[in-house]
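Okay, so here's the structure we're looking at.
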């Protein structure tokens, strides 16, 4: 499938840098914390075997975890390189896990034409920062969602833009970040942060209500390029990040916001 140019494809220019960061500290914290939070959401929703759409699935970290847990997962991504990595990882899984995964190349805005809903859970992680307008993609995802579905959205925290440069000692950048939702991310790409107040009106219009939210990467976002620490330290670090992502005031200054919307 040919993916047209546009804001939705901005991420493609940063794929190589994204891959270079996989498995390092910041990536591991993001993936581990997200997985724990999603598990909590699924338990609270009573969803043990559902249909999941992962928009921007990338290399498939979250999608594979959900497929192993028994969910039927459709992964949608614009990057053929990341989908190839996903397929390679999937090939080493048990046959029953492989049978629960379907991969598609394309943009989330075209979800209605690419995938067959309805889906009980829709993941949209790290996609909105690359879009100038979140309305089209969220509308498309709403139209492939089941009546009692949940949407899991991961965005850069627009309420805490000065935290990372401040912790890195980049004072001029920190000062300018207080009132600016636009930024250049670690991949060197122009991106945009969001707040719940940005997203609520868009999703409320399609019948969604904010069910809850978490913070992701409270203590480690500024630790660029770091490899993993020893196992004991890593275990304690993840425990601290898990807890901070659930509690005020810590989650309010997390690098990323993980927001859950439901339509009951």
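Numbering (our numbering), first residue to last: 1 to 264.
For every residue, glycine included, the Cβ atom is placed at its ideal position computed from N, Cα and C.
All figures in this text were calculated on a predicted structure; none of them were measured in a lab.
*Three-way DSSP call (helix, strand, coil) for residue 147 in this model*: Here residue 147 sits in strand by DSSP.
*Count the other CB atoms within 10 Å of the CB of residue 156; is the residue buried (16 or more) or exposed (fewer)?*
So residue 156 ends up on the buried side.
*Can the beta-carbon of residue 83 be found less than 9 angstroms from the beta-carbon of residue 75?*
A contact, by the Cβ cut-off of 9 angstroms.
_Length of the line joining the Cα atoms of residue 1 and residue 104_ = Note that residue 1 scores a pLDDT of 37, beneath 50, so its modelled location is shaky; the value from the coordinates is reported in the next line. Roughly 9 angstroms between the two C-alpha positions.
*Determine the extent of the alpha helix (DSSP H) in which residue 219 is found, giving its start and end residues.*
First-last for residue 219: undefined, no H or E at that position.
_Terminal residues of the beta strand (DSSP E) in which residue 73 lies_ = Where residue 73 is concerned, the enclosing beta strand (DSSP E) stretches over 72-77.
*What's the gap between the Cα of residue 166 and the Cα of residue 249?*
Across the structure, residue 166 and residue 249 are spaced so that their CA atoms are roughly 18 angstroms apart.
*DSSP three-state call for residue 195: helix, strand or coil?*
Residue state for residue 195 is assigned as coil, using DSSP reduced to three classes.
*List the whole-angstrom C-beta distance separating residue 108 from residue 55, where the pair is believed to meet the contact cut-off of C-beta under 8 angstroms.*
Confirmed, Cβ separation roughly 4 angstroms.
_Along the chain, where does the alpha helix (DSSP H) containing residue 120 start, and where does it finish?_
The continuous stretches of alpha helix (DSSP H) do not include residue 120, which lies in the beta strand (DSSP E) extending over residues 119-125.
*Between the Cα of residue 244 and those of 258, 79 and 22, spot the shortest distance and give me the residue it belongs to.*
Residue 258 holds the alpha-carbon nearest to the alpha-carbon of residue 244 among 258, 79 and 22.
*If we ignore side chains and look at the alpha-carbon of each, how far apart do residue 209 and residue 106 end up?*
Cα-Cα distance, rounded: 27 angstroms.
*At which residues does the beta strand (DSSP E) containing residue 163 begin and terminate?*
Counted as a single uninterrupted DSSP element, the stretch harbouring residue 163 is not any beta strand (DSSP E) but the alpha helix (DSSP H) occupying residues 163-167.
*Give the secondary structure of residue 17 by DSSP, where H, G and I count as helix, E and B as strand, and everything else as coil.*
Three-state DSSP puts residue 17 in a helix.
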